[in-house]
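Here's the structure we're looking at; comments come further down.
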Amino acid sequence: MSDQVLIFDTSLRDGEQALAASLSFKEKLQIALTLEKLGVDVMEVGFPISSPGDFESVKNIASIIKNSTVCGLARALEKDIDAAYQALKDAANYRIHCFIATSDIHVKEKLHKDFDAIVDMAVKAIKYARNRAPDVEFSCEDAGRTPIDHLCRIVEAAIDAGAQTINIPDTVGYTLPYEFGSIIETLFNRVPNIDKARISVHCHNDLGMATANSLSAVLKGARQIECTVNGIGERAGNCSLEEVVMAMKTRSSYMNVHTNINCKEIAHASQIVSQICNMPVPANKAIVGANAFSHSSGIHQDGVLKNRDTYEIITPESVGFNTNNLNLTARSGRHVIAHRLSLLGYKEGSYDLDNVYTRFKELADLKGQVFDYDLEALLFFSQIQEEPEQFKLEYLTVLSGGKNVIPTASLKMRIGDEVVSYATTGNGPVDAVYQAIYHLTGYADDIKLEKYDIKSKGEGKDALGQVDIIVNYKGKVFHGMGLATDIIQSSAFAMIHACNSIYRSNLIALEKQKHHDIEFVNKSCELGNKP
Ligand code: KIV
Ligand code: ZN
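So for the sequence shown, our numbering puts the first residue at 244; every next one is plus one.
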């Protein structure tokens, strides 16, 4: 019988902290529900002490997720552990994940301490956390560069203090597969109480070794891998979930391990994370890239036609890619929606098709094309109160083009319960629209467009223009996405999407007053920056 390797997903913590714009609660919840469907054993969904927004979203996700353990990150400090506990305590299953840096450079240069003090802090924090949580994980940040004697010492002390999972991160993606495997092997050989804990690994991809290092650790006895969907995460990212899972599945007879991941959900999870995080998947990305299963050379094509196994070690179907490419638009009928939902795993009868279809039509009118993740959002959020959409576009007309014509936009918007309109000029049609939106939302003095990107979605005359923007509002960045056949309209939708996120973020800032007992750390803290 093969051993199980637990999959600990940190897309919503390590992944999210590296995004240009942070996600709204609704976006995070949709990712969390997708991860639950994917079958991750543990999902790390935030760092509660880092901000009121993180605290609230960890708390809300923890109250909804039932089939995965929900985890929150904390430095080895009582106030962090208290915040994590407050955010997690209503979950069906929860874990507090404490960490402290252990490498010489981090201990001396970042924390200004000596190693004895670090061991002391770790032990105190783990004991404190164990008094609040049934399940505690401890991480030795920068373990990959930690002297092995120090690593053995702190791992032994952490297990004695009650940590059930010990995580060995290669925080800066420095080690090589053989070397990282040897670190794990040494821990198994030298730490006397090692059998009392599960050994986990958390590899970053700075040298492109994250997957190889994680697998090498599993071969030496690690039984939890920390990873993210599409490998998103700090700098070059984290170990990619789909790569390690499919490697362990494809090479199970060599590795003698298995996971609980529902592999047919991989393509779907990848698409959801990519769309919501605005992080496109490179075409040549293993497992989930657009070219991962396409054969270009004549010799390969010939081989595949004779027998797919000549050049294909996994099939696209095994990770959930299907050949269904029907666009869902306002013209799609109820049976198409029911069929697409059944492909996504929702049996007819398990949801109210009339209700979903009515809301689908409204969304299709608004967006043009509806994607699988939108459709799922209609299901997911039918029971959950929608976040308020403060700003809504009611009417837009733009005058531009031709000689001596000054681009002019006239806009009507619903703001809360009120309908307001405004017309103005700009140095181009999109700029005119944006000036009008800035004026109507009241964000004109503080908002700056930092990035504007347009691409085509779909083919031929049905193709839609997708606009992605990044705006900076009072030093914080927000993402907006808009989709329509008319690119000026997509541009307007993208800006209104970003403005709604700004509005929600302002509401969350007000929420902070509710938690005056928690001292949120934001960017700076006495133990160094957010990990
Ligand atoms: O990379 C890292 O060391 C981390 C820890 C907090 C686990 O993200
Ligand atoms: Zn990390």
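The beta-carbon is built from N, C-alpha and C at its ideal position, and this holds for glycine as well. Note that this is a predicted model, so its numbers are computed, not measured.
For the alpha helix (DSSP H) holding residue i, just list the boundary residues, first then last.
i, result
"alanine 601", "The sequence given here places threonine at residue 601; alanine does not occur at that position. Segment 596–610, the alpha helix (DSSP H) holding threonine 601."
"aspartate 323", "321–331"
"serine 496", "495–498"
"cysteine 395", "391–404"
"glycine 296", "295–307"
"alanine 365", "358–373"
"valine 461", "453–462"
"glutamate 380", "Counting along the chain, glutamate 380 falls outside any alpha helix (DSSP H), though it belongs to the beta strand (DSSP E) covering 379–384."
"serine 219", "There is no way to answer for residue 219, as the model of the chain reaches only from 244 to 774."
"isoleucine 580", "577–586"
So the beta strand (DSSP E) residue i belongs to, where does it begin and stop?
i, result
"proline 412", "408–413"
"glutamate 619", "No beta strand (DSSP E) contains glutamate 619, which is instead part of the alpha helix (DSSP H) from 615–623."
"isoleucine 519", "Careful: isoleucine 519 lies outside any beta strand (DSSP E), inside the alpha helix (DSSP H) at 509–520."
"serine 664", "661–668"
"glycine 563", "Note, glycine 563: premise wrong, no beta strand (DSSP E); not H, not E."
"lysine 528", "It is not in any beta strand (DSSP E) - lysine 528 carries neither H nor E in the DSSP assignment."
"alanine 344", "337–344"
"phenylalanine 251", "249–252"
"phenylalanine 268", "Here phenylalanine 268 belongs to no beta strand (DSSP E); instead the alpha helix (DSSP H) covers 268–281."
"serine 653", "651–658"
Applying the 10 Å Cβ sphere with the 16-neighbour rule, what's the burial state of residue i?
i, result
"histidine 578", "exposed"
"leucine 770", "Here the model assigns leucine 770 a pLDDT of 43, short of 50, so the residue's position is not dependable, and the following value carries that caveat. Leucine 770 comes out buried."
"arginine 338", "buried"
"phenylalanine 431", "exposed"
"histidine 355", "exposed"
"aspartate 385", "buried"
"proline 435", "exposed"
"glycine 685", "exposed"
"valine 707", "Sequence check: residue 707 is leucine here, not valine. Per the 10 Å Cβ criterion, buried."
"glutamate 380", "buried"
"tyrosine 497", "exposed"
"valine 648", "exposed"
"lysine 309", "exposed"
"isoleucine 391", "exposed"
"threonine 454", "buried"
"isoleucine 504", "buried"
"arginine 478", "exposed"
"glycine 592", "exposed"
"threonine 601", "exposed"
"glutamine 247", "exposed"
"tyrosine 746", "buried"
"glycine 480", "buried"
Please return the same chain residues whose Cβ sits closer than 7 Å to the Cβ of residue i, not counting the five positions on each side in sequence.
i, result
"asparagine 550", "none"
"alanine 440", "Ile402, Ala406, Gln407, Thr408 and Ile409"
"glutamate 560", "none"
"valine 524", "Asn473, Ser513, Ser517, Val531 and Gly532"
"leucine 692", "Tyr677, Ile712 and Val714"
"leucine 484", "Ile250, Asp252, Cys470, Thr471 and Val472"
"leucine 419", "Met452"
"serine 734", "Val673, Val676, Val710 and Gly725"
"histidine 543", "Tyr554"
"alanine 737", "Val710, Asp711, Ile712, Gly723, Met724 and Gly725"
Which same chain residues end up closer than 6 Å to residue i when comparing Cβ atoms and leaving out the 5 residues on each side of it in sequence?
i, result
"valine 283", "Ile250, Asp252 and Ser311"
"serine 245", "Asn499, Val500 and His501"
"glutamine 628", "Note that glutamine 628 scores 49 on pLDDT, short of 50, meaning its location in the model is unreliable; the coordinates nonetheless yield the value given after this. So the list is empty, once near-sequence residues are dropped."
"histidine 445", "Asn410, Pro412 and Glu469"
"tyrosine 695", "Ile712"
"tyrosine 371", "Glu321 and Ile324"
"arginine 433", "Cys395"
"glycine 671", "Pro650"
"alanine 263", "Ile713 and Val720"
"alanine 404", "Val366, Ile369 and Lys370"
"serine 537", "none"
"serine 575", "none"
"glutamine 732", "none"
Measure how close the beta-carbons of residue i and residue j come, nearest whole angstrom, since I'm counting them as under 8 Å.
i, j, result
"leucine 586", "valine 613", "Contact doesn't hold; Cβ gap of about 14 Å is too wide."
"serine 306", "alanine 334", "7 Å"
"isoleucine 274", "isoleucine 519", "6 Å"
"valine 662", "glutamate 632", "Going by Cβ atoms, the distance from valine 662 to glutamate 632 rounds to 14 Å, so no, they are not a contact pair."
"methionine 489", "isoleucine 530", "5 Å"
"histidine 789", "aspartate 615", "Residue 789 lies beyond the range of the chain shown here (244 to 774); nothing can be said about it."
"valine 487", "serine 457", "5 Å"
"glycine 611", "glycine 476", "That belief does not hold up - the Cβ atoms of glycine 611 and glycine 476 are roughly 32 Å apart, past 8 Å."
Who are the near neighbours of residue i in its chain, counting only those whose CB is closer than 8 Å to its CB and skipping five residues on each side?
i, result
"glutamine 329", "Pro291, Phe298, Lys302 and Ile761"
"valine 200", "Here the chain comprises residues numbered 244 to 774, so residue 200 is not present and cannot be evaluated."
Checking contacts by CB at 8 Å: is residue i closer than that to chain E?
i, result
"leucine 584", "Absent here is chain E; the protein component of the structure consists of one chain."
Next on the checklist: I'd like the ranges of any beta strand (DSSP E) spanning at least 3 consecutive residues and lying wholly in the segment 416–451.
Outcome noted: 441–446
Checklist entry - At what residue ranges does the segment 667–747 contain a whole run of the beta strand (DSSP E), taking only runs of 3 or more? => result 690–700, 707–716 and 719–727
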